[in-house]
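**Student:** Right, I'll just put the structure down here and ask away after.
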Amino acid sequence: MSTISEGLAIYCAVTDVGRVRANNEDAVVVDAANGIAVLADGMGGYNAGEVASALAVDLIG
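Just so we're aligned, residue 114 is where the sequence shown starts under this note's numbering, counting upward by one.
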């Protein structure tokens with residue numbers, strides 16, 4: 114007989130704009146109820162990177 118027990122997960126996210134960029138294009142979302150964590154990197158230097166990363170986490174999470 115096998116059993117499945119619930120586990121405990123602790124989520125933490127920290128982003129940093131760094132020394133080169135003026136804005137932070139990273140986005141993160143955690144949906145603990147469904148076991149989903151998404152981190153999207155906006156690829157600094159490209160147009161609307163912050164929009165792309167925010168859209169990704171909004172659609173997935």
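In this text, a Cβ means the ideal position worked out from N, Cα and C, and glycines have one as well.
Locate the alpha helix (DSSP H) running through D171, then write down its first and last residues.
**Tutor:** Where D171 is concerned, the enclosing alpha helix (DSSP H) stretches over G162 to I173.
**Student:** Please state whether the Cβ-Cβ distance between N137 and T128 is less than 8 Å.
**Tutor:** It is a contact, given that the beta carbons lie within the stated cut-off.
**Student:** Suppose contacts are defined by Cβ-Cβ distances below 8 Å. Is Y124 in contact with A146 by that definition?
**Tutor:** Result no, Cβ atoms of Y124 and A146 do not sit closer than 8 Å.
**Student:** Can you give me the start and stop residues for the beta strand (DSSP E) that L152 sits inside?
**Tutor:** Where L152 is concerned, the enclosing beta strand (DSSP E) stretches over I149 to A153.
**Student:** Within 10 Å of its beta-carbon, does A126 have 16 or more other beta-carbons around it, so buried, or fewer, so exposed?
**Tutor:** The residue in question, A126, is exposed, as its Cβ has fewer than 16 Cβ neighbours within 10 Å.
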